[in-house]
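Count along the sequence shown from 1, add 2, and you get the number used in my numbering. The beta carbon of each residue, even a glycine, is placed where N, CA and C say it ideally should be.
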Amino acid sequence: MRFPPRLALAAALAFTALVSACATTPQPTFPYAYERHTLPNGLTAFLVPMQSPGVVAYYSVVRTGSRDEVEEGKSGFAHFFEHMMFRGTPKFPQAIYEGIVTKMGANTNAYTTDDHTAYHLKFTTEDLSKVIEIEADRFQNLAFSRTVFQTEAGAVYGEYRKGLASPFGLLHERMQDLAYDAHTYKHTTIGFERDIMVMAGQFDYSLTFFKRFYRPENTVLVIAGDFAPKPTLALIEKHYGGWARGYVAPAITPEPPQTAERTAEVTYPGKTLPILAVAYKGDAFDPANRDYIAALLLEELAFGETSELRKRLLLREQRVQMLSADVPMNRDQPLFTIYAMIKKPDDIAAVRDEIYATLEHFKTTPVDAQRLRDLKRRNKYSFLMGLDTPAAVAGSLARFISLTGDIAVIDQLYAAADAVTAEDIMSAAKKYFVPARRTVIVLKGGQS
C-alpha cells in the first residue's frame, strides 16, 4: 500500500505501533504519547502532540446525547444545542466568532450522536491560544434570544423532514421506535417529530438544558497536533478554570428484556428497492464483556466484505444491492442490525432466511482460526492507519471518550479482541442472535 507524501510519516509511526501491538509481549495499541489533565472543576483535557507541522485539531466532547433526553416531550434537545452553540456570547457574538474563525482559515463543525455531542476545529498552531479563548467562552457564556431560538427550531424541523426523504432515515426511525419500550434510544438523535414540532415554544426549558449538561465534569477536551503541552495546559487552566461545576447525570430508564420477536412493514412514499432490517438487542460497550467483543468480530465474519453470504447474495446470485451489518459501540444497550437492500420483492423472505441460517451456522460451526487471526490484525491495522492526521486522531478519541470518559479503553478493547476464540464467537451468536431479541422491519417503496 502506498501513501501520499504528507501521510508517510504518520503511516510509518502507525505501522511501527502495529508491529509492536502484534508482538508476543502485549503493547499499547494507541501509538502516540499523550497527557491527561483534570482541572479542579472536573474538566478533563487530553493533549496529544504529534508530527503534524503547523496543524492542530481541537475537540470539545460533551458526554450528552439523545440518550440523556429523559423528560417526556423534550427529545431532540442535545442535537438542537449543537446548532445553538454557534450563536455566540456577549463577548464574542455570532458574527464576531465567525469572523475570527474565518480569519484563521479554520475548519469548524459539530455533530450529535446517541451518546455525545462533539465540537471540532482544525487550524494552524499559531491560533491555538485564540481558539482556547473563544471555545472556553462559548461553553460557559452561550447567549441567544427567544427569536433566534425559535428561528433555529424551525431549521431543525426542516432538517428532520429532510432526513425522512431517505428510506434509510425512515427505516431507522421506525426501527428504534418499535424495538425499544422504555429507554431513550427509542427516539433517534434528532428526536420525535411531535417534540420537534413544538420545540419553538421550549425556550425556557432550553436554558435549563444548557445549565444542566454543559458543565466541566461532563466535558472533555482533546487537542492533537503540533503544539507544546505545558503552555497549552496553562491556557486551558486560565480560560476554563472558572467554569462552575454542576452536572448531575440523568436517571435513564433501563430497557426491560425483550421476550418475543417484533415485526413491521413500512411504506416509503417514494421509489426504492425493498430494504430488510433484522435487529437484535445487544449489550452496551464493555471490553470486559467477552460476548460483546466477540460480536464485534462476528459482524465482519458473517456479513462483511469477505463473508460467504455477501459473496453469494451480492456477487454470484446478485439478489441484493447491498448487505451490511452494524454492531455499534454505545453506552447503553444498542441494536445489532443486519441490513439488506433486495432487488426483487419476491426475494425478501428468502434473503431473510439466509441471514437467519448464517447466524445459526456461526452458533454451531467454529470459524477458521486463520481467518479469525487475519480479521483481528486487519481491524487493528485499519484503526492505526486511520490515525494519520490530528483531526483523525482527535475524532477517533472522541468516540471512546463518549463511552468511558477516557482513552485507555482503546488498549483494553484491542487486547480483549486479541483474546477472542472461535468458541467465543459461537457463544456470542447463541446469546444475542435469538428470536426473542429480534425486531424485523421490511421497508417497501410506495411508488412503482
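Starting from residue i, trace the alpha helix (DSSP H) both ways and give me its first and last residue.
i, result
"ASN143", "130–143"
"PHE94", "Per DSSP, PHE94 belongs to no alpha helix (DSSP H) and is neither H nor E."
"ILE427", "424–434"
"GLU195", "195–199"
"TYR383", "371–387"
"ALA262", "Per DSSP, ALA262 belongs to no alpha helix (DSSP H) and is neither H nor E."
"TYR216", "Segment: none, TYR216 is in no alpha helix (DSSP H) and carries neither H nor E."
"VAL411", "411–420"
"GLU356", "350–366"
"GLY156", "148–165"
"ASP70", "Counting along the chain, ASP70 falls outside any alpha helix (DSSP H), and DSSP gives it neither H nor E."
"LEU300", "292–305"
Where does residue i land, buried or exposed, given buried means 16+ other C-beta within 10 angstroms?
i, result
"PRO336", "buried"
"THR149", "exposed"
"GLU84", "buried"
"LYS382", "buried"
"THR114", "buried"
"ASP206", "exposed"
"SER168", "exposed"
"ARG439", "buried"
"GLY244", "exposed"
"LEU389", "buried"
"PRO259", "exposed"
"ALA25", "Legend: pLDDT at ALA25 = 41, less than 50; position of this residue unreliable, value from coordinates given subsequently. Exposed is the call here."
"ASN332", "buried"
"ARG380", "exposed"
"ARG312", "buried"
"LEU374", "buried"
"SER384", "exposed"
"LEU1", "Nothing in the structure corresponds to residue 1, since the chain is present only between 3 and 450."
Keeping to the same chain, check which residues put their C-beta closer than 7 Å to that of residue i; ignore five residues upstream and five downstream.
i, result
"ILE136", "PHE94, TYR99, ILE102"
"VAL64", "HIS118, THR119, PHE215, TYR216, ASN220, THR221"
"MET52", "TYR34, ALA226, GLY227, PRO392, VAL395"
"ILE340", "VAL280, PHE305, ALA327, ILE357"
"LEU377", "LEU299, GLU302, LEU303"
"GLN323", "LEU275, MET343, LYS345"
"PHE32", "ILE409, ILE412, ASP413"
"GLU37", "LEU49, PRO231"
"VAL72", "THR186, PRO252, ALA253, ILE254"
"LEU173", "VAL268, ILE277, ALA279, ILE443, LEU445"
Quick one: measure Cβ to Cβ for residue i and residue j, integer angstroms, because I've assumed they're closer than 8 Å.
i, j, result
"THR327", "PHE305", "Looking at the sequence shown, residue 327 is not Thr but Ala. Confirmed, about 4 Å."
"VAL444", "ILE350", "6 Å"
"MET86", "LEU144", "7 Å"
"ALA47", "THR66", "That pair is no contact at about 18 Å."
"PRO368", "ALA424", "4 Å"
"ALA246", "ASN43", "7 Å"
With DSSP as the reference, please indicate the residues paired to residue i in a beta bridge.
i, result
"PRO231", "Paired residues: none, contrary to the question."
"SER62", "TYR121, LEU223"
"PHE338", "TYR282"
"MET324", "MET343"
"ALA47", "HIS39, LEU223"
"TYR270", "GLY447"
"THR126", "VAL57"
Can you give me the Cβ contacts of residue i inside the same chain, cut-off strictly under 6 Å, excluding the 5 residues immediately before and after it?
i, result
"ASP70", "PRO252"
"ASP197", "GLY75, SER77, GLY78"
"TYR60", "LEU123, VAL133, ILE225"
"VAL442", "THR265, VAL280"
"TYR249", "ARG217, GLU219, ASN220"
Output the boundary residues of the beta strand (DSSP E) element that contains residue i.
i, result
"VAL280", "277–283"
"TYR113", "109–114"
"LEU446", "Per the sequence shown, residue 446 should be read as Lys rather than Leu. Note, LYS446: beta strand (DSSP E), 440–447."
"ALA35", "Looking at the DSSP string, ALA35 is not in any beta strand (DSSP E), and its letter there is neither H nor E."
Apart from the five residues on each side of it in sequence, which residues of its chain come closer than 8 Å, Cβ to Cβ, to residue i?
i, result
"GLU257", "TYR182, ASP183, ALA184, HIS185, TYR187, LYS283, ASP334, GLN335"
"ALA418", "PRO289, ALA290, ARG292, ILE295"
"ALA262", "PRO437, ALA438"
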